[in-house]
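Q:
Numbering (the numbering used here), first residue to last: 94 to 482.
1. Quickly, what does DSSP pair residue 452 with across the bridge? List them, please.
2. Can you tell me whether residue 104 sits near the ligand FMN, meaning its C-beta is under 7 Å from at least one heavy atom of the ligand?
3. Pull up the CB-CB distance for residue 323 and residue 359, whole angstroms please, since I reckon it's below 8 Å.
4. Using the beta-carbon count (16 or more within 10 Å), is residue 437 buried or exposed?
5. Have a look at residue 195 and residue 467 and give me their C-alpha separation to the nearest angstrom.
6. Ignoring anything shorter than 4 residues, give me the alpha helix (DSSP H) runs that lie fully in the region 221–258, in order along the chain.
7. Could you tell me which whole beta strand (DSSP E) segments of length 3 or greater appear in the region 268–354?
8. Within the same chain, show all residues whose beta-carbon is closer than 6 Å to that of residue 383, passing over the 5 residues directly before and after it, in chain order.
9. Starting from residue 368, follow its DSSP beta bridges and name the residues at the other end.
10. State yes or no: is the C-beta of residue 326 within less than 8 Å of the C-beta of residue 336?
11. For residue 421, which three-state DSSP category applies?
12. With DSSP collapsed to three states, give me the class of residue 195.
13. Can you tell me the Cα-Cα spacing of residue 445 and residue 427, whole angstroms?
14. Going by DSSP in three states, residue 378 sits in which element: helix, strand or coil?
15. Should residue 292 go down as buried or exposed, given a rule of 16 or more other Cβ atoms within 10 Å for buried?
16. Which residues mark the beginning and the end of the alpha helix (DSSP H) in which residue 481 is found?
17. Under 8 Å Cβ to Cβ from residue 148, same chain only, skipping five residues before and after it: list those, please.
18. Considering just the uninterrupted stretch of the alpha helix (DSSP H) at residue 114, what are its terminal residues?
19. Rounded to whole angstroms, what is the Cα-Cα separation between residue 461 and residue 268?
20. Mind checking which residues open and close the beta strand (DSSP E) that includes residue 103?
21. Give every residue of the same chain whose Cβ lies closer than 8 Å to the Cβ of residue 443, excluding the five residues on either side of it in the sequence, and list them in chain order.
22. Sorted by chain position, which residues of the same chain lie with C-beta nearer than 7 Å to residue 170's C-beta, five sequence neighbours on each side aside?
23. Once you ignore the five residues that flank residue 340 on each side, which residues in its own chain have a CB closer than 6 Å to its CB?
24. I'd like to know if the region 275–292 and the region 363–370 are in contact, where contact means that at least 3 CB-CB pairs between them fall below 8 Å.
25. Three or more C-beta pairs under 8 Å: does that hold for the region 127–138 against the region 97–105?
26. Could you have a look at residue 414 and say whether DSSP puts it in helix, strand or coil?
27. For residue 301, collect the residues of the same chain with a Cβ closer than 8 Å to its Cβ; drop the 5 residues on either side in sequence, then sort them by chain order.
28. What are the boundary residues of the alpha helix (DSSP H) that includes residue 429?
29. Taking Cβ positions, are residue 406 and residue 372 nearer each other than 8 Å?
30. Expressed to the nearest angstrom, what Euclidean distance is found between the alpha-carbon atoms of residue 218 and residue 113?
31. Report the partner residues of residue 107 according to the DSSP bridge assignment.
32. Provide the residue span of the beta strand (DSSP E) that contains residue 201, from first to last.
33. Roughly how many angstroms lie between the CA atoms of residue 423 and residue 312, to the nearest whole one?
34. Can you find the residues in the same chain that come closer than 6 Å, C-beta to C-beta, to residue 303, ignoring five residues on each side of it along the sequence?
35. Can you give me the C-alpha to C-alpha distance between residue 125 and residue 104, rounded to a whole angstrom?
36. For the region 268–281 against the region 396–411, are there 3 or more C-beta pairs whose distance is under 8 Å?
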């Protein structure tokens, strides 16, 4: 055994966002820490990350993992650039340059890629590709060549990685937290749940669309059901305005909004919900904006594990998670979403059959399966580094 290695996992959003990508990175860090206990592991991010907040909200165990900030004290100009949409490209380039300066201290560097370009000066490097950004210069193409391995979270992302980057990739589906016991379907309530960050633009989860669809269902006669919308809140002005519009739609109606719930409270919502809605990517031109479709669907998978029947848009990575008529239902337009919801609301037997199948399907994405698959993908790089000393 050679000297202990230094392994860094990087995301430009860790420290400032609490979503599926951050959970993917956190559980990846757990996997590397547990799989290679002789080596030192850091999570690297532009802003300092609140360890307790990430552990509580995303159900992570970050003990023994260093949290390193590339810019621990951002000044007023940098904070303004992060908030101002027009300055975001400039800010993104600055964030990427800052991260590159930290990479040389690591033997293995795993960089999460989504919008902001990645580069590495580590001895060995891998991309954890949430979604491949377009390559707009030869310099960006050369930067990608520094990475020996690309890991994607779904076949949908893998296809776009091949198309945009000309690279083959391994697929390691994201991890979800399976309940300790099978869900008690007898305790389910007439609740429709949707989970996703309240963020305007970009990877928008379309809570507004779902709220309007539910209002129309209620007007058409659906009674005794509630819609619950849960997610972490982005604090830029556009996202606050977006959340205010959803609050206005919910006012006086059986729609409940849950902001920044701890993991345990979100779990209780999943356990109570009978149906799970998801609409990310609705109305999007996939060829122009493929990143706006769901890349995989971690929240959908977590709902399935707790016996909530998924009723989700038939686009993007959702088609790898839900098999229509087998372990959930898929739709292509709002009329389909509303029709399927009315049918399932009126048919407890169909809900139970699909809920049981959804629960069984969810075992494919267990945290242990994710860790096993990720370590298998990384093993050749670690073996090369250990052999070289």
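No residue lacks a Cβ here, since even glycine has one placed at the ideal position from N, Cα and C.
In this text, all values refer to a predicted model and were calculated from it rather than measured experimentally.
A: On the basis of the data shown:
1. Along the chain shown, one-based indexing puts residue 452 at 359. Per DSSP, residue 452 has no beta-bridge partner at all.
2. Looking for the ligand FMN in the displayed structure turns up nothing, as the structure carries no ligands at all.
3. On the chain shown, residue 323 is found 230 positions in, with the first residue counted as 1. On the chain shown, residue 359 is found 266 positions in, with the first residue counted as 1. Rounded to whole angstroms, the Cβ separation of residue 323 and residue 359 is 6 Å, and the two are in contact under 8 Å.
4. Along the chain shown, one-based indexing puts residue 437 at 344. The Cβ neighbour count for residue 437, taken over all protein chains shown within 10 Å, is at least 16; the residue is labelled buried.
5. Within the chain shown, numbered from 1, the residue matching residue 195 stands at position 102. Within the chain shown, numbered from 1, the residue matching residue 467 stands at position 374. Inter-residue distance for residue 195 and residue 467 is about 23 Å (C-alpha atoms, whole angstroms).
6. You should have 231–237, 248–258.
7. Correct list: 284–288, 319–324, 348–352.
8. As a working note, residue 383 is residue 290 in the chain shown. Exclusion of the five residues before and after residue 383 leaves 253 as the residues of its chain whose Cβ lies within less than 6 Å of its Cβ.
9. Within the chain shown, residue 368 is the residue found at index 275, counting from 1. According to DSSP, residue pairing for residue 368 in a beta bridge involves 285, 402.
10. The residue labelled residue 326 in the question sits at position 233 within the chain shown. The residue labelled residue 336 in the question sits at position 243 within the chain shown. Contact: yes.
11. Locating residue 421 in the chain shown gives position 328, counting from the first residue. DSSP, reduced to helix, strand and coil, places residue 421 within a strand of the structure shown.
12. If you number the chain shown from 1, residue 195 lands on position 102. Three-state result, residue 195: helix.
13. Working through the chain shown from its first residue, we reach residue 445 at position 352. Working through the chain shown from its first residue, we reach residue 427 at position 334. Approximately 24 Å between the Cα atoms of the pair.
14. One-based indexing of the chain shown puts residue 378 at position 285. Coil.
15. Sequence index remark: in the chain shown, residue 292 carries index 199 (1-based). Residue burial annotation: residue 292 is buried, with at least 16 other C-beta atoms found within 10 angstroms of its C-beta.
16. As a working note, residue 481 is residue 388 in the chain shown. Boundaries of the alpha helix (DSSP H) around residue 481: 460–481.
17. As a first step, residue 148 is located in the chain shown; it is residue number 55 there, counting from the start. Cβ neighbours of residue 148 beyond the five flanking positions: 154, 155.
18. Working through the chain shown from its first residue, we reach residue 114 at position 21. Following the DSSP letters along the chain, one finds residue 114 inside the alpha helix (DSSP H) bounded by residues 113–128.
19. What you label residue 461 is simply residue 368 of the chain shown in a count that begins at 1. What you label residue 268 is simply residue 175 of the chain shown in a count that begins at 1. Whole-angstrom Cα-Cα distance: 8 Å.
20. By one-based count along the chain shown, residue 103 stands at place 10. DSSP places residue 103 inside the beta strand (DSSP E), whose first and last residues are 99–103.
21. Here residue 443 corresponds to residue number 350 of the chain shown, with the count starting at 1. Excluding positions up to five away in sequence, the list reads 436, 437.
22. The count along the chain shown starts at 1 and reaches residue 170 at position 77. Any reading at residue 170 must be qualified, since the residue scores a pLDDT of 48, below 50, and its modelled position is unreliable; the value itself is stated next. The answer is none, since no qualifying residue turns up.
23. The sequence position of residue 340 within the chain shown is 247, counting from 1. Closer than 6 Å at the Cβ level, and outside the excluded window around residue 340, lies no residue.
24. The way I'd put it, the region 275–292 does touch the region 363–370; three or more beta-carbon pairs between them come closer than 8 Å.
25. Between the region 127–138 and the region 97–105 there are three or more C-beta pairs closer than 8 Å, enough to call the two in contact.
26. What you label residue 414 is simply residue 321 of the chain shown in a count that begins at 1. Helix.
27. For the purposes of this step, residue 301 is identified with residue 208 of the chain shown, where counting begins at 1. Excluding sequence neighbours, residue 301 sits near 335, 338, 339, 342.
28. Translated into positions along the chain shown, residue 429 becomes position 336. In the DSSP assignment, residue 429 falls within the unbroken alpha helix (DSSP H) covering 427–438.
29. Numbered from its first residue, the chain shown carries residue 406 at position 313. Numbered from its first residue, the chain shown carries residue 372 at position 279. Yes, the pair counts as a contact, with Cβ atoms nearer than the cut-off.
30. In the chain shown, counting from the first residue as 1, residue 218 sits at position 125. In the chain shown, counting from the first residue as 1, residue 113 sits at position 20. Each residue's Cα considered, the two are about 22 Å apart.
31. On the chain shown, residue 107 is found 14 positions in, with the first residue counted as 1. Its beta-bridge partners are 110.
32. Sequence index remark: in the chain shown, residue 201 carries index 108 (1-based). That run of the beta strand (DSSP E) goes 201–206.
33. Locating residue 423 in the chain shown gives position 330, where the first residue counts as 1. Locating residue 312 in the chain shown gives position 219, where the first residue counts as 1. Spanning the two alpha carbons is a distance of roughly 23 Å.
34. Residue 303 sits at position 210 when you count from the first residue of the chain shown. So the list reads 287, 370, 372, once near-sequence residues are dropped.
35. For the purposes of this step, residue 125 is taken as residue 32 along the chain shown, with counting starting at 1. For the purposes of this step, residue 104 is taken as residue 11 along the chain shown, with counting starting at 1. When rounded, the separation of the alpha-carbon atoms in residue 125 and residue 104 is 16 Å.
36. For the pair of segments examined, the region 268–281 was found to touch the region 396–411: the number of CB pairs separated by less than 8 Å reaches three.
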